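Trainee:
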Amino acid sequence: MFAKKKKEVVKKTLTKRSENYSQWYLDVVETAELAENSPVRGCMVIKPHGYAIWERIQHELDRMIKETGHSNAYFPVFIPKSFFDKEAEHVEGFAKESAVVTHYRLQQDATTGKLRTDPDAKLTEELIVRPTSETVIYDTYARWIQSYRDLPLLINQWANVVRWEMRTRPFLRTAEFLWQEGHTVHATQEGAEEETKKMLGVYQTLLEDYLAIPSIAGKKSPSETFAGADHTYTLESMMQDGKALQSCTSHNLGQNFAKSFNIQFTDENEKQQYAWQTSWGLSTRVIGALIMSHSDDLGLVLPPNIAPIQVVLIPITPNKEDEEEVLSVVTKIEEQLKAQGVRTHLDSRAHISPGAKFGEWEKKGIPVRIEIGPKDIAKNTVVVARRDNQNKHDILLEQLADSVKEILQEMQVALLTTARERLTQHTIVATNYQELKEGVENGKFVLAHWDGTAKTEEKIKAETKATIRCIPFDGEKDKGSCIISGKPSKQQVVFAKAY
RNA sequence: CGGGCUGUGGCGCAGAUGGCUAGCGCGCGCGGCUGGGGGCCGUGAGGUCGCAGGUUCAAGUCCUGUCAGCCCGACCA
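Each residue of the first sequence is one higher than the one before, counting from 3 in our numbering.
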């Protein structure tokens, strides 16, 4: 018999490195199963399972981006410093976290024998490793766009970017991260605005239907708006500890960059006009959001729609005589599920106990586990276990495919429902500053009236560490007065502590 | 950049007031028993104690310097 290792032991291991509720997802679940620290400060090695999740996200998002008329393209990783200088706000936003290339050659130091930069190989113009690609892309766009017939220009790029953050955290804020960034150009302000909203909608679909993460959609306050944008839309999600995470952003850039990079076109009336632009992005940060939304004490919990493996099959072969039969049955089941479009994995590794396999796949968050052994074959059933609620049932073989699909669907819905209930239950309305303070302290999203000034926002941030996450689209447009200044306010905004 | 902390096999750690050949758990190799929740027994491999100086008969332990990492802030997808 296998000795039984208690689940508490597992839990202890998981929570060991921190008593902080949010922390163990990051430190243990993420790094153990999905990624680890790289030799480079603040960067991550994303392990196969973590990358497979990213590939699923890429796959679904890329499909939606293309369905909305965009094409993929690719632009350089290096940006001449002078490009950065062109948009004043933009430089200010990114200057303090830029990685800069100064040389193009190394040489061996004659005395120490170590490599150093060759002083003769200094670049005349330094290059910035892109923190985002607005400038390098728009410099190109200026040449691509001549006429209103060239518009709209709808392009997306899958890329890595580098931001030399002072402080990094796995997935949530790494020095290098992977993302997609969309960059579109329109003939009219309305066209750009429509695009900005449309892409936020695409992100919302991805988050809700695939990642099972609900969020509050809204507009950023001026102080939180992207450097160089007219305004920024965001999806603010709530993690299990009540802290907010900005899952993605969609910016209406107005004509700011068009004017800096001279993106002009001739309109139908033969007039020269500056173009209207948008940019929008979603990064590997959402993997962090995914983890912190659904994980439990046993590890990750992946929503079926995004899980790289939806069903793991574990053959149980206690004796040699049955082994062949068990394996043949399990292989048949796998083929059957695959034919139904279910993403499966057969774990037929020998000399690893079933219990160890259960634990391993549970930690990786695979939604459904199927156990097949001689006992099941005798009954013409299999054991089907669901990850999120730990339910375990015998299912008749002939009903398996339907049953599995049903469980996957139920689990997908259940995860979103649970997360949505959490969001609703932890969102409160504050009618005075004291209530806001208490709410924020207790990990709530706090709706409160705000006078619209940066000063008030700053005061609240300094005193409570809470920021305005967004001005919700569907917030009631009830007039009120600011809980700090008493000045009139058009609607309530969301305050919360954020990652 | 401020404040706090930590550097000892792959990972997590223990090594009071200096003292024998530097230990433990997990993991890893091999053999066997096992096999429906992270199994057991046996037996192995694996360490310049972050780095550089210094004190001492003797340094993982004390002193000085230095480097790296983590956490808490400020900044941010």
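In this text, a Cβ means the ideal position worked out from N, Cα and C, and glycines have one as well.
Just so you know, these numbers come straight off a predicted model, no measurement behind them.
1. Please classify Lys258: does DSSP put it in a helix, a strand, or coil?
2. According to DSSP, is Lys489 part of a helix, a strand, or is it coil?
3. Report the option in Val187, Lys340, Ile289 whose CA atom is closest to the CA atom of Leu36.
4. Could you name the residues of the same chain whose beta carbon sits closer than 8 Å to that of Tyr106, not counting the 5 residues immediately before and after it, in chain order?
5. Can you find at least 3 beta carbon pairs, one from the segment 359-376 and one from the segment 385-403, that sit closer than 8 Å?
6. Under the assumption that Val138 contacts Arg132 (Cβ atoms under 8 Å), give the Cβ distance between them as a whole number of angstroms.
7. Go to Lys365, then tell me how far its alpha helix (DSSP H) extends in each direction, as first and last residue.
8. In chain order, what residues of the same chain lie with their CB nearer than 6 Å to the CB of Cys250, ignoring the 5 residues before and after it?
9. Compute the distance between the beta-carbons of Thr286 and Phe173, then report whether it is under 8 Å.
10. Under the assumption that Met66 contacts Leu208 (Cβ atoms under 8 Å), give the Cβ distance between them as a whole number of angstroms.
11. Can you give the beta carbon distance from Lys366 to Gly301, rounded, assuming they're within the 8 Å contact cut?
12. In chain order, what residues of the same chain lie with their CB nearer than 8 Å to the CB of Ile265, ignoring the 5 residues before and after it?
13. For Glu99 and Arg169, what's the separation of their Cα atoms in angstroms?
14. DSSP state of Val332, grouped into three classes?
15. Note down the Cα distance separating Asn74 from Pro369, rounded to an integer number of angstroms.
16. Could you tell me the alpha carbon to alpha carbon distance between Asp232 and Leu348, rounded to whole angstroms?
17. If you pair each beta-carbon of the segment 337-347 with each one of the segment 241-248, do three or more pairs fall below 8 Å?
18. Using a Cβ-Cβ cutoff of less than 7 Å, which residues in the same chain neighbour Tyr435 once the five nearest sequence positions on both sides are dropped?
19. Could you name each continuous alpha helix (DSSP H) segment of 4 residues or more that falls completely within the segment 226-276, going from the start of the chain to the end?
20. Taking the beta carbon of Asp378 as the centre, do at least 16 other beta carbons fall within 10 Å, making it buried, or is it exposed?
21. Measure the C-alpha to C-alpha separation of Gln392 and Gln411 and round it to an integer number of angstroms.
22. Among all the DSSP beta bridges, which residues are the ones paired with Gly283?
23. Out of curiosity, what's the CA-to-CA distance linking Pro78 and Ala194?
24. Based on DSSP bridge pairs, tell me the residues matched to Ser149.
25. Quick check: the Cα distance between Pro154 and Tyr235, rounded to an integer number of angstroms?
26. Does DSSP put Gly441 in a helix, in a strand, or in coil?
27. On the three-state DSSP scale, how would you describe Val406?
28. At the level of alpha carbons, what is the spacing between Ser24 and Ser297?
29. Mind pulling the alpha helix (DSSP H) runs of 4 or more residues that sit fully within the segment 49-117?
30. What does DSSP give as the partner residues of Val131 in its beta bridges?
31. Name, in chain order, the residues that DSSP records as bridge partners for Asp396.
32. By alpha-carbon positions, which one of Leu117, Val102, Cys45, Ser295 ends up nearest to Leu417?
33. Taking DSSP's pairing of strands, which residues face Gln38 in a bridge?
34. Please report how far the alpha carbon of Thr198 lies from the alpha carbon of Asn382, in whole angstroms.
35. Since Glu136 and Gly230 should fall inside the 8 Å C-beta cutoff, what is the C-beta to C-beta distance between them, to a whole number of angstroms?
Mentor: The answer reads as follows:
1. Before going further, note that residue 258 is Asn rather than Lys in the sequence given. It is helical.
2. Here Lys489 sits in coil by DSSP.
3. Of the listed residues, the one whose Cα sits closest to Leu36 is Ile289.
4. Ala123, Leu125
5. Judged by Cβ distances under 8 Å, the segment 359-376 makes contact with the segment 385-403, as three or more pairs qualify.
6. 6 Å
7. 356-366
8. Tyr205, Leu237, Leu284
9. yes
10. 7 Å
11. The Cβ separation is near 7 Å, so the contact holds.
12. Tyr140, Tyr143, Ala144, Ile147, Val187, Phe259, Tyr276, Ala277, Gln279
13. Put simply, the backbone Cα of Glu99 is about 11 Å away from that of Arg169.
14. Correct three-state label for Val332: helix.
15. Those two C-alpha atoms are separated by around 32 Å.
16. Between Asp232 and Leu348, the C-alpha separation is close to 51 Å.
17. no
18. Apart from sequence neighbours up to five positions away, the residues of its chain that approach Tyr435 with a beta-carbon distance below 7 Å are Ile485, Ile486, ordered along the chain.
19. 258-263
20. Burial check for Asp378: the Cβ neighbour count within 10 Å reaches 16 or more, so the residue is buried.
21. 16 Å
22. Glu183, Thr251
23. 25 Å
24. Thr268
25. Cα atoms of Pro154 and Tyr235: separation of roughly 20 Å, rounded to the nearest angstrom.
26. DSSP places Gly441 in helix when its eight states are reduced to three.
27. helix
28. At Ser24 the pLDDT is 47, less than 50, meaning the model places this residue with poor confidence; the figure from the coordinates comes in the next sentence. Near 10 Å, if we compare the C-alpha coordinates of Ser297 and Ser24.
29. 50-69, 83-87, 90-96
30. Phe80, Ala101
31. By DSSP's assignment, Asp396 forms a beta bridge with Val385.
32. It is Ser295 whose Cα lies nearest to the Cα of Leu417.
33. The amino acid at residue 38 is misidentified as Gln; the sequence shows Glu. According to DSSP, Glu38 bridges with Val47.
34. 54 Å
35. For Glu136 against Gly230, the beta-carbon gap comes to about 7 Å, under 8 Å, which counts as contact.
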